[in-house]
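Residue numbers (our numbering): 306 to 695. Yeah, the Cβ is synthetic: ideal placement off N, Cα and C, and Gly gets one too. Just so we're clear, the structure is a prediction, and the values are computed from it rather than from any experiment.
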């Protein structure tokens with residue numbers, strides 16, 4: 306091979322390498338997980354690691370395979386319960402009667418007394434901490450009248466959230482034909498669950514005494530050991546059945562970066578926790594979250610036409626962040642695009658948009674909203690302005 310041909314081949318190969326991240330639209334995150342398939346989640350049947358804010362996946366294994374997930378079904382049970390409690394304005398101190406059906410549940414439980422009343426707050430806590438099947442049924446019956454109606458709503462929400470490889474048959478995760486999920490869908494519903502701050506109040510509890518109206522107590526211990534043994538882990542949901550094997554979904558936060566990690570079908574809890582810890586370690590070592598704007602951040606003060614106040618402060622309606630590989634350039638800027646603001650204006654009303662730019666290119670858009678209300682000028686206000694300007 307002569308020198309000119311060697312130079313041409315070398316240049317051609319260099320060009321291919323440079324274009325590799327762009328061919329087929331493969332993201333750097335996909336390349337990262339492909340390179341580590343043989344290292345991470347060795348025994349898990351399926352696994353996934355993603356950024357909790359943007360949903361960016363950095364590692365995946367068999368993420369769409371239909372599998373039993375045991376008590377991780379309760380992720381949807383809890384998410385639906387929190388959604389309904391907040392939507393309906395239900396007080397967490399509400400007393401709920403445990404039916405005989407609820408009290409008869411096997412597996413993990415809080416050992417509820419049939420026909421006894423329990424606080425909604427305590428039932429939720431027992432599900433998050435100790436995976437209590439009886440508490441799941443009691444809440445399902447209270448919110449929707451029956452478990453069947455509750456499960457129907459679980460499947461409806463799953464469809465709305467794009468969970469294409471999921472079917473719920475019960476609200477506990479106890480073995481039952483026709484119930485399955487996948488790692489991708491588990492991550493989707495867990496991302497929804499952790500939007501409820503109250504979840505973390507329960508998830509961080511290691512051990513407590515669950516008190517019954519009769520005076521007896523049941524000591525409940527958190528099934529997620531990683532809240533004690535993994536730095537930054539502040540919530541999760543475990544599961545185990547003979548068919549599902551050891552399963553877990555956790556979230557951990559370090560600095561501004563929050564990750565979600567799913568493992569389905571690991572050999573045992575020890576191996577499962579080790580593999581999840583390794584996935585999280587990989588994520589924190591190689592990626593970081595950079596915020597452009599956070600929900601509620603004030604971005605300026607703008608003129609109000611015909612308002613009793615000359616200006617109104619404007620803030621971001623939601624958070625916008627970028628999840629990037631450590632070492633990569635990431636310049637995030639915010640460009641307010643505010644329309645002419647006419648009074649009257651109500652607090653929370655949209656007044657424009659915030660264009661988020663990443664390295665000079667448009668990356669995302671966030672609504673800009675009024676931070677406070679401003680009434681329209683009346684006749685006397687106009688007269689006062691005229692006299693003041695005289």
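- Pick helix, strand or coil for residue 459, following the three-state DSSP scheme. helix
- Name the one or two DSSP bridge partners that residue 480 has. Note: residue 480 sits in no beta bridge, so no partner.
- Below 8 Å, can you find three or more Cβ-Cβ pairs linking the stretch 434-443 to the stretch 485-499? no
- Spatially closest choice to residue 516 from 417, 467, 491, 633, by CA coordinates: 417
- Message: Is the separation between the beta-carbon of residue 677 and that of residue 648 shorter than 8 Å?
- Response: no
- Item | Proximal residues to residue 447 (C-beta, below 7 Å), its chain only, five neighbours per side dropped | 401
- Message: Cutting at 7 Å between CB atoms, please list the residues of its own chain near residue 375, excluding the five before and the five after it.
- Response: 478, 544, 545, 546, 549, 552
- Message: Quick check: what's the CA-CA separation for residue 371 versus residue 518?
- Response: 41 Å
- Task: Please state whether DSSP places residue 395 in a helix, a strand or coil.
- Result: coil
- Query: Could you give the distance in angstroms between the alpha-carbon of residue 471 and the alpha-carbon of residue 569?
  - Reply: 14 Å
- Query: Nearest-angstrom Cα distance between residue 534 and residue 581?
  - Reply: 12 Å
- CB-CB under 6 Å to residue 354, same chain, minus the five flanking residues each way: which ones, in chain order? 363, 364, 566, 584, 588
- Could you please give the first and the last residue of the uninterrupted beta strand (DSSP E) stretch that includes residue 515? 512-516
- Task: Have a look at residue 453 and residue 661 and give me their C-alpha separation to the nearest angstrom.
- Result: 44 Å
- Query: Hey, how far is the Cα of residue 687 from the Cα of residue 609?
  - Reply: Because residue 687 carries a pLDDT of 49, less than 50, the predicted location of this residue cannot be relied on, and the following value inherits that uncertainty. Cα-Cα distance, rounded: 14 Å.
- Task: Using only alpha-carbon positions, find the residue among 457, 497, 428 that is nearest to residue 356.
- Result: 497
- Backbone CA spacing between residue 619 and residue 481 [nearest angstrom]: 52 Å
- Query: Which residue spans inside the stretch 548-626 form an unbroken alpha helix (DSSP H) run of at least 4?
  - Reply: 574-591
- Is the number of C-beta pairs between the stretch 599-607 and the stretch 620-636 that are closer than 8 Å three or more? yes
- What span of residues does the alpha helix (DSSP H) with residue 426 cover, start to end? 425-435
- Item | Outcome for residue 512 when other beta-carbon atoms lying within 10 angstroms are tallied against a minimum of 16 | exposed
- Query: Over what stretch of residues does the beta strand (DSSP E) that includes residue 650 continue unbroken?
  - Reply: That residue, residue 650, is in no beta strand (DSSP E); it is neither H nor E in DSSP.
- Nearest residue (CA-CA) to residue 675, options 668, 681, 650, 663: 650
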